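Trainee: Right, I'll just put the structure down here and ask away after.
Residue numbers (my numbering): 1 to 169.
Below is the structure:
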């Protein structure tokens, strides 16, 4: 299974299309909120989109659940779970939802970590990154019990410092 994950694009349209065109081989594509676009914008069509704190008046859902290859994926923006301060609330929510993988945004900080049986991925921001200069998105690959998370910049080049491989326990 391959999934494309973007977040916090804050009004960018062409960039969302370009990223998806670059990775058309994915099984799923997620936008973790703060697109600041409406549902009828063409660049959002391939993505499963959640509402972020800057998506005023939009009818995107607060969260999206997907199941593929036996893994449950939860996608949220993260503002309601205070992810800028800690993943504790989000981790509790993931356990309630029985999620194996959680995709989130809000902080604009690209990172992936595996904790207490759950893989957490924040793709960063393709508009306004924090804590590093790279505007990033992520590709998740899952093959049975193995996972690999790659972060890519806007040119599609891998940001090696952020890569994570591991095994679901």
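Beta carbons: idealized from backbone N, C-alpha and C, even for Gly.
On a predicted model such as this, the values are computed, not experimentally measured, just so you know.
Going along the chain, which residues of its own chain have a beta-carbon closer than 8 Å to the beta-carbon of residue 48, five neighbours each way excluded?
Mentor: 28, 29, 30, 31, 64, 66, 75
Trainee: Need the endpoints of the beta strand (DSSP E) that residue 5 sits in, please.
Mentor: 2–6
Trainee: For my contact list, residue 128 and residue 25 are in at a C-beta cut-off of 8 Å; report their separation, rounded to the angstrom.
Mentor: Not confirmed; about 28 Å, so no contact.
Trainee: With distances taken from CA atoms, which of 93, 161, 143 is nearest residue 120?
Mentor: It is 93 whose Cα lies nearest to the Cα of residue 120.
Trainee: Straight-line CA distance for residue 144 to residue 20?
Mentor: The C-alpha of residue 144 lies about 24 Å from the C-alpha of residue 20.
Trainee: Kindly provide the ranges of any beta strand (DSSP E) runs that are 3 or more residues long and lie completely inside the segment 74–110, ordered along the chain.
Mentor: 101–103
Trainee: Considering just the uninterrupted stretch of the alpha helix (DSSP H) at residue 141, what are its terminal residues?
Mentor: Note, residue 141: premise wrong, no alpha helix (DSSP H); beta strand (DSSP E) at 136–143.
Trainee: Does the separation of the CB atoms of residue 109 and residue 131 fall below 9 Å?
Mentor: yes
Trainee: Which residue or residues does DSSP assign as beta-bridge partners of residue 148?
Mentor: DSSP output for residue 148 lists 141, 165 as bridge partner(s).
Trainee: In whole angstroms, what is the alpha-carbon distance linking residue 68 and residue 82?
Mentor: 27 Å
Trainee: Going straight from the alpha carbon of residue 124 to that of residue 71, what length do you get?
Mentor: Cα-Cα distance, rounded: 23 Å.
Trainee: Considering only DSSP beta bridges, list what residue 122 is partnered with.
Mentor: Per DSSP, the beta bridge partners of residue 122 are 111.
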